[in-house]
Amino acid sequence: MTAALRANTFRAGPDEDGHFGIFGGRYVAETLMPLILEVEKAYEAAKASPAFKAELRYYNAHYTGRPSPLYLAERLTRHFGGAKIYFKRDELNHTGSHKINNCLGQVLLARRMGKTRIIAETGAGQHGVAVATVCALFDLPCTIYMGEVDIKRQQPNVFRMKLLGAEVKAATSGSRTLKDAMNEALRDWVTNVDDTFYIIGTAAGPHPYPEMVRDFQSVIGEEVRDQIMQRECRLPDMLVACIGGGSNAIGLFHPFLDEPDVEIVAVEAGGLGIDTDKHAASLTGGRAGVLHGNRTYLLQDDDGQIQEAHSISAGLDYPGIGPEHAWLHEQGRVDYVSATDEEALEAFQLCSVKEGIIPALEPAHALAHVAKIAPDMDRDKIIVMNLCGRGDKDIFAVAERLGVALQ
Amino acid sequence: MTEASGSTRLTEKFAALEEEGRAGFVAFITAGDPDPETSFTVMCGLPAAGVDIIELGMPFTDPMADGPSIQAAGLRALKAGMTLAGTLDMVRRFRADGQTAPIVLMGYFNPIYSYGVDRFLHDALSAGVDGLIIVDLPPEEDAELCLPAQAAGLPFIRLATPTTDDGRLPTVMANTAGFVYYVSITGITGAGSAMTADVAAAVERLRRHTDLPIAVGFGIKTPEQAAEIGQHADAVVVGSAIVERVGALASSNGSVQSVLDFVGSLADGVRRART
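As structure tokens, this is what we get:
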């Protein structure tokens with residue numbers, strides 16, 4: 037696509053109906069529609085409220101521990117021998133990932149709306165833990181839906197959620213992973229519209245969720261802007277983030293979308309390889325469709341049936357992607373690539389031994405891509421990678437993959 | 005087209021029901037469940053068992069408004085190789101058999117979007133489909149399918165729910181054709197049952213906003229419930245309870261006749277509603 041055909045700004049979306057180009061929208065059952073409109077109205081009011089913003093800032097600073105550091109990964113930089121690599125350390129947040137940024141925003145909104153019960157879906161359990169955490173903090177009962185398969189591979193997070201007082205319900209239909217957990221959460225919501233708020237964990241779902249989640253996660257990119265200006269007196273040359281639904285990625289990217297000199301790369305989960313049928317790369321291997329309230333890129337067969345995604349990372353194991361990413365992909369503003377399970381595993385171990393940081397398997401995909409490109413970049417180039425979660429939750433799954441028996 | 009177009013069959017059916025002074029009976033089955041041939045046999049037996057309108061589910065992997073029974077039905081059908089093209093083919097064969105019962109397709113948007121909206125509308129009309137109920141297309145997304153369907157002459161039947169308040173009802177009723185489907189509970193298909201008094205009040209409320217016939221569904225499982233709802237609604241929809249019996253065919257725990265006998269008992273319930 038030529039520059040002349042591009043949008044003037046990449047930061048203006050969505051339109052009033054929740055569309056980013058043809059993507060996004062509100063494809064939900066009528067039972068939910070009045071509630072979706074109510075959420076939108078409440079969010080618009082909250083956005084304009086200094087009290088709401090101050091409250092969110094307060095909890096971000098004193099509960100989560102923001103701003104998270106921007107850390108120069110010196111040993112990895114030397115190891116790759118090319119571009120300077122910075123990590124945005126959102127894995128240091130309370131609860132261990134970027135998910136808390138969004139959960140705090142949404143739970144404060146739920147309280148403003150007078151909702152007394154919270155539901156959520158979770159894949160890797162990071163979002164579930166963050167939801168359970170804010171629900172404990174604000175004394176709200178919550179039910180977390182999680183695919184049966186994910187419950188098995190993410191036992192530590194399941195236990196964490198329960199410790200925090202949440203009820204964890206297994207999604208036993210379909211592929212029994214993240215998409216099925218989202219189906220179950222939507223079924224719960226349709227049944228309990230009066231008192232329940234659904235905290236969606238990724239920048240997807242019906243409008244206003246993609247916008248709302250992006251806004252709450254944009255604190256990541258905004259901090260990076262300030263931090264890199266202080267450290268390097270200039271913007272980075274490249275941003276890299278992993279992408280499943282895309283909340284950490286859009287949070288890092290959005291404040292930079294209109295900076296033409298900042299190259300932006302998102303790394304999808306390539307599973308066993310995108311030339312196989314076992315991957316979760318919706319943009320690379322899917323096409324436009326409608327699921328879970330929005331139009332976006334989906335892994336689907338010729339009949340429009342949704343296909344099961346595959347990734348070693350439960351957090352990326354989703355056959356769709358946020359609608360804003362689908363639009364940015366078609367606009368050519370963000371480059372969507374992929375990394376395989378094997379590459380992510382390698383990066384997971386490399387980061388651990390080189391930097392003393394055990395990353396989650398999700399950002400290990402981002403690092404796997406950095407490993408491919410950093411060596412060929414000049415040493416004066418700067419990459420900022422979102423280290424969006426820590427790997428404690430993954431050690432059992434990784435040990436199993438590496439043939440190590442843990443007790 | 006020489007044959008009766010979609011809207012005619014539905015309109016004629018409701019006119020006939022009014023003449024008879026009784027509520028209509030809408031039976032839901034999932035196309036291709038438990039396999040395409042058995043499903044077709046069940047479908048062909050429905051009118052003789054007392055079904056006035058057939059609601060034919062288009063299987064989808066992720067039916068977010070459906071309960072366990074209809075989810076399982078969809079997965080059985082998909083596993084047996086059912087597709088949207090196969091569903092339309094079922095309708096075509098039904099009409100080729102000389103059957104005239106109105107058929108309303110019910111499902112989710114993605115398979116239709118994938119098939120292509122214009123191609124779908126053309127093929128659905130020529131197969132003999134009489135209306136569409138698409139769960140995940142609220143009025144806010146009318147441009148996707150509702151308006152093209154209207155232009156093509158295929159009624160787009162809207163769902164109204166207990167959460168659709170008086171302020172919103174005009175939005176929901178605009179562009180609605182055929183009949184209005186009142187979802188009697190806030191919940192998924194096959195979940196708990198609504199109180200008859202609530203349904204009666206809701207139907208009265210809807211009538212202030214539309215002249216179209218009103219069908220009531222979700223949570224109606226027995227001939228007795230069907231009879232109660234039939235006192236107030238223009239048509240009564242039963243889905244999950246029938247689909248559960250179709251599901252038994254998959255494990256050979258029943259016969260097509262046993263399904264049709266159950267359907268017949270529901271039809272009797274509806275028929276005695278106003279006697």
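Chains A and B are the protein sequences, given in the same order. For what it's worth, the numbering used here labels the leading residue of the first sequence as 37, then goes sequentially. For what it's worth, the numbering used here labels the leading residue of the second sequence as 5, then goes sequentially. The beta carbon of each residue, even a glycine, is placed where N, CA and C say it ideally should be.
message = I need the DSSP call for P395 of chain A, collapsed to helix, strand or coil.
response = strand
request  = Within 10 angstroms of the Cβ of Q162 of chain A, are there 16 or more other Cβ atoms? Answer buried if so, exposed if not.
outcome  = Classification of Q162 of chain A: buried, given that the 10 Å Cβ count is 16 or more.
L386 of chain A, buried or exposed, once every other Cβ within 10 Å from all chains shown has been counted against 16 = buried
ask   = Are D337 of chain A and T213 of chain A close, meaning C-beta to C-beta below 8 Å?
value = no
key: Continuous beta strand (DSSP E) stretch holding R153 of chain A: start and end   = Unbroken beta strand (DSSP E) run through R153 of chain A: 153-158.
task = Answer yes or no: the CB of A48 of chain A versus the heavy atoms of the ligand HEM, is any distance below 7 Å?
result = The model on display carries no ligand, and the ligand HEM is accordingly not part of it.
inquiry  = Considering just the uninterrupted stretch of the alpha helix (DSSP H) at F195 of chain A, what are its terminal residues?
reply    = Judged by DSSP secondary structure, F195 of chain A falls within the alpha helix (DSSP H) whose first and last residues are 191-199.
inquiry  = Only counting the same chain, and skipping five residues up and downstream in sequence, which positions put a Cβ closer than 8 Å to that of L308 of chain A?
reply    = K314, H315, H346, T376, D377
query = Cβ atoms of A78 of chain A and R148 of chain A: under 8 Å apart, would you say?
reply = With contacts defined as CB atoms closer than 8 Å, R148 of chain A and A78 of chain A qualify as a contacting pair.
ask   = Shortest alpha-carbon distance to V108 of chain B belongs to which of B:D169, B:F98, B:E145?
value = Of B:D169, B:F98, B:E145, the residue nearest in Cα terms is B:F98.
task = Please name the residue, chosen from B:P166, B:L21, B:G71, B:V260, that lies closest to A105 of chain B on a Cα-to-Cα basis.
result = B:L21
task = Would you list, in chain order, the members of the segment 203-220 of chain A that have their beta-carbon closer than 7 Å to a beta-carbon of chain B?
result = S209, G210, K215, N219
query = Nearest-angstrom Cα distance between K429 of chain A and F56 of chain A?
reply = 34 Å
key: Within-8 Å CB hit, N179 of chain B to chain A   = So no, N179 of chain B is outside the interface.
ask   = Relative to the alpha-carbon of Q4 of chain B, which residue among B:L158, B:T45, B:G196 has its alpha-carbon at the smallest distance?
value = What the structure shows of chain B is the stretch from 5 to 279, and residue 4 of chain B is not part of that stretch, so it cannot be assessed.
task = Please decide whether G61 of chain A counts as near chain B, where near means a Cβ-Cβ distance under 8 Å.
result = yes
inquiry  = Need the endpoints of the beta strand (DSSP E) that Y122 of chain A sits in, please.
reply    = 120-124
task = Compute the Euclidean distance between the alpha carbons of A6 of chain A and L108 of chain A, then round it to the nearest angstrom.
result = The requested residue 6 of chain A is not part of the displayed model; chain A covers only 37 to 443.
query = Are the segment 387-403 of chain A and the segment 112-119 of chain A in contact at 8 Å, needing three or more beta carbon pairs?
reply = yes
ask   = According to DSSP, what are the bridge partners of Y181 of chain A?
value = A:E157, A:K205
message = Between which residues of its own chain and K390 of chain A is the CB-CB distance below 7 Å, once the five residues before and five after are set aside?
response = Closer than 7 Å at Cβ, skipping near neighbours: R111, L112, H115.
inquiry  = Bridge partners for T232 of chain A per DSSP, in chain order?
reply    = A:R153
query = Would you call the CB atoms of K215 of chain A and P355 of chain A closer than 8 Å?
reply = yes
task = Specify the secondary structure class of G325 of chain A as computed by DSSP and reduced to three states.
result = strand
query = If we cut at 8 Å on Cβ distances, does I154 of chain A have a partner in chain B?
reply = Output row for I154 of chain A: interface = no.
Residues that DSSP places opposite I58 of chain B in a beta bridge = B:A31, B:I107
message = For Y333 of chain A, list the residues DSSP reports as bridge partners.
response = A:A324
query = Do you know offhand how far G49 of chain B's Cα is from I357 of chain A's?
reply = I357 of chain A has its alpha-carbon roughly 43 Å from the corresponding atom of G49 of chain B.
ask   = Within 8 Å (strictly less), CB to CB, does M5 of chain B reach chain A?
value = The pLDDT assigned to M5 of chain B is 39, lower than 50, so where the model puts this residue is not dependable; a value taken from the coordinates is nonetheless given after this. Judged by the 8 Å Cβ criterion, M5 of chain B is not in contact with chain A.
ask   = With 16 other CB atoms within 10 Å as the buried threshold, where does T168 of chain B fall?
value = Burial check for T168 of chain B: the Cβ neighbour count within 10 Å reaches 16 or more, so the residue is buried.
key: Within 7 Å of chain A by C-beta, residues of the segment 75-93 of chain B in sequence order   = Q75, L82, T87, L88
query = Which runs of the beta strand (DSSP E) fall wholly inside the segment 245-280 of chain A and span at least 3 residues, in chain order?
reply = 274-279
key: Neighbour-count burial assignment, T312 of chain A, 16 or more Cβ in a 10 Å radius   = exposed
key: For C278 of chain A and N445 of chain A, the rounded distance between their alpha carbons   = Because chain A is modelled from 37 through 443, residue 445 of chain A falls outside the range shown and cannot be assessed.
query = By Cβ distance, which residues of its chain are closer than 8 Å to L200 of chain A, with the 5 residues on each side in sequence left out?
reply = Cβ within range, chain order: V165, A168, T169, C171, A172.
query = So what's I286 of chain A in DSSP terms, helix, strand or just coil?
reply = Of the three classes helix, strand and coil, the one that applies to I286 of chain A here is helix, per DSSP.
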